[in-house]
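Asks:
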Amino acid sequence: MEWLAALLSFVGGLIAAALGAYAVTKTNKQLMAADIRARWDAALLEHGESFAASTRTLRHHAERFSRSENQEERRRALDEAHHTMRLTCEQLRLLGSPRVQRAARAVIHHAYAVRVQGEENRDPRAEQYPSVPPISRLNDALQEFYRALREQLRADEPEAVIHDDDLDVIEPGLPPLPRKERSQSA
Numbered sequence: 001m002e003w004l005a006a007l008l009s010f011v012g013g014l015i016a017a018a019l020g021a022y023a024v025t026k027t028n029k030q031l032m033a034a035d036i037r038a039r040w041d042a043a044l045l046e047h048g049e050s051f052a053a054s055t056r057t058l059r060h061h062a063e064r065f066s067r068s069e070n071q072e073e074r075r076r077a078l079d080e081a082h083h084t085m086r087l088t089c090e091q092l093r094l095l096g097s098p099r100v101q102r103a104a105r106a107v108i109h110h111a112y113a114v115r116v117q118g119e120e121n122r123d124p125r126a127e128q129y130p131s132v133p134p135i136s137r138l139n140d141a142l143q144e145f146y147r148a149l150r151e152q153l154r155a156d157e158p159e160a161v162i163h164d165d166d167l168d169v170i171e172p173g174l175p176p177l178p179r180k181e182r183s184q185s186a
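For the sequence shown, counting from 1, position 8 maps to 8 in full-length UniProt numbering; every step adds exactly one.
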């Protein structure tokens, strides 16, 4: 009978050790997965910020190109911003969900039209988008990019991004701008 008690104690100890090891292993795996997810999220946020900043920079230089005293310098700044956009878009392809990737590609697509309109005063995609100027298309594409990025980063209310042209939300009492009165220059 003593040997049965010793055996049961030993088996009980083994079971307790196995359960403890399982709990520790599971916790470690969860912590590692959370750590990896946090690193990917940090990289996604960093590249998303860089992409948005370079897009805004491109828009800024394109809008001021025709009024610029030094158009060559302005063109170099446009080239640099456009290059940064393309590079960051490729980085987002590695990190982003399909929605983020599509949104980033749409931003690149419309940013090119904004640039051409700024440099050459023509919309290269006027036939594809006959009633919407490039700057409005870029603003809309950027809004989708922000929403997609916020969704992947699990932000609260990822769709609640204020559009650049929604001044009534930015400043209470201001009426929203009709599309024809929104920023048209690029």
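By construction, the Cβ of each residue, glycine as well, lies at the ideal position given by its N, Cα and C atoms. Since we're looking at a predicted model, the values are computed, not measured.
Applying the criterion that 16 or more other CB atoms from any shown protein chain within 10 Å of the CB defines a buried residue, is Val11 buried or exposed?
Replies: Your numbering for residue 11 matches position 11 in the sequence shown. Looking at its Cβ environment, which holds fewer than 16 other Cβ atoms inside 10 Å, Val11 is exposed.
Asks: Would a C-beta distance cut-off of 8 Å place Leu142 and Thr55 closer than the cut-off?
Replies: If you number the sequence shown from 1, residue 142 lands on position 142. If you number the sequence shown from 1, residue 55 lands on position 55. Yes, the Cβ-Cβ distance between Leu142 and Thr55 is below 8 Å.
Asks: So the candidates are Arg86, Leu19, Phe145 and Arg154; which of them puts its Cα closest to the Cα of Ile162?
Replies: Here residue 162 corresponds to residue number 162 of the sequence shown, with the count starting at 1. Residue Phe145 is the option with its Cα nearest to Ile162.
Asks: Candidates Glu69, Trp40, His110 and His61: which alpha carbon is nearest Asp79's?
Replies: Start at 1 with the first residue of the sequence shown, and residue 79 comes out as number 79. Nearest C-alpha to Asp79: His61.
Asks: Could you check the C-alpha separation between Ile81 and Lys26 for me, to the nearest Å?
Replies: As a first step, residue 81 must be located in the sequence shown, where it is residue number 81. As a first step, residue 26 must be located in the sequence shown, where it is residue number 26. Note that residue 81 is Ala in the sequence shown here, rather than Ile. Approximately 45 Å between the Cα atoms of the pair.
Asks: What's the gap between the Cα of Pro158 and the Cα of Glu72?
Replies: In the sequence shown, the residue the question calls residue 158 occupies position 158. In the sequence shown, the residue the question calls residue 72 occupies position 72. Approximately 40 Å between the Cα atoms of the pair.
Asks: Roughly how many whole angstroms lie between the Cα atoms of Ala43 and Ser66?
Replies: Locating residue 43 in the sequence shown gives position 43, where the first residue counts as 1. Locating residue 66 in the sequence shown gives position 66, where the first residue counts as 1. The straight-line gap from Cα to Cα measures roughly 36 Å.
Asks: Kindly provide the ranges of any alpha helix (DSSP H) runs that are 4 or more residues long and lie completely inside the region 14-97, ordered along the chain.
Replies: If we require 4 residues or more, the alpha helix (DSSP H) runs fully inside the region 14-97 come out as 71-95.
Asks: Run through DSSP, which three-state label would His109 get?
Replies: Here residue 109 refers to the residue found at position 109 of the sequence shown. DSSP places His109 in helix when its eight states are reduced to three.
Asks: Can you say whether Gly20 is buried or exposed, counting buried as having 16 or more other CB atoms within 10 angstroms of its CB?
Replies: Translated into the one-based positions of the sequence shown, residue 20 becomes position 20. That one is exposed.
Asks: Taking C-alpha atoms, which residue in Glu49, Ala18 and Ala16 lies nearest to Leu153?
Replies: Here residue 153 corresponds to residue number 153 of the sequence shown, with the count starting at 1. Of Glu49, Ala18 and Ala16, the residue nearest in Cα terms is Glu49.
Asks: Less than 8 Å separating the beta-carbons of Arg99 and Glu46?
Replies: To locate residue 99, count along the sequence shown from 1; it is residue 99. To locate residue 46, count along the sequence shown from 1; it is residue 46. No.
Asks: Compute the beta-carbon to beta-carbon distance between Arg75 and Arg64, rounded to the nearest angstrom, for a pair I have assumed lies under 8 Å.
Replies: The sequence position of residue 75 within the sequence shown is 75, counting from 1. The sequence position of residue 64 within the sequence shown is 64, counting from 1. The pair is not a contact, with the Cβ atoms about 12 Å apart (cut-off 8 Å).
Asks: Below 8 Å between beta carbons: does that hold for Tyr129 and Arg137?
Replies: Residue 129 sits at position 129 when you count from the first residue of the sequence shown. Residue 137 sits at position 137 when you count from the first residue of the sequence shown. Yes; because the gap between Cβ atoms is below 8 Å, this pair is in contact.
Asks: My understanding is that Ile108 touches Arg93, with C-beta atoms under 8 Å, so please give their C-beta distance in whole angstroms.
Replies: As a first step, residue 108 is located in the sequence shown; it is residue number 108 there, counting from the start. As a first step, residue 93 is located in the sequence shown; it is residue number 93 there, counting from the start. 11 Å between Cβ atoms; not a contact.
Asks: Pull up the distance between the alpha-carbon of Val132 and that of Arg105, whole angstroms please.
Replies: Along the sequence shown, read from residue 1 onward, the residue named residue 132 stands at position 132. Along the sequence shown, read from residue 1 onward, the residue named residue 105 stands at position 105. Val132 and Arg105: Cα-Cα distance of roughly 18 Å.
Asks: May I have the straight-line CA-CA distance separating Glu69 from Arg102, to the nearest angstrom?
Replies: Working through the sequence shown from its first residue, we reach residue 69 at position 69. Working through the sequence shown from its first residue, we reach residue 102 at position 102. Cα-Cα distance, rounded: 36 Å.
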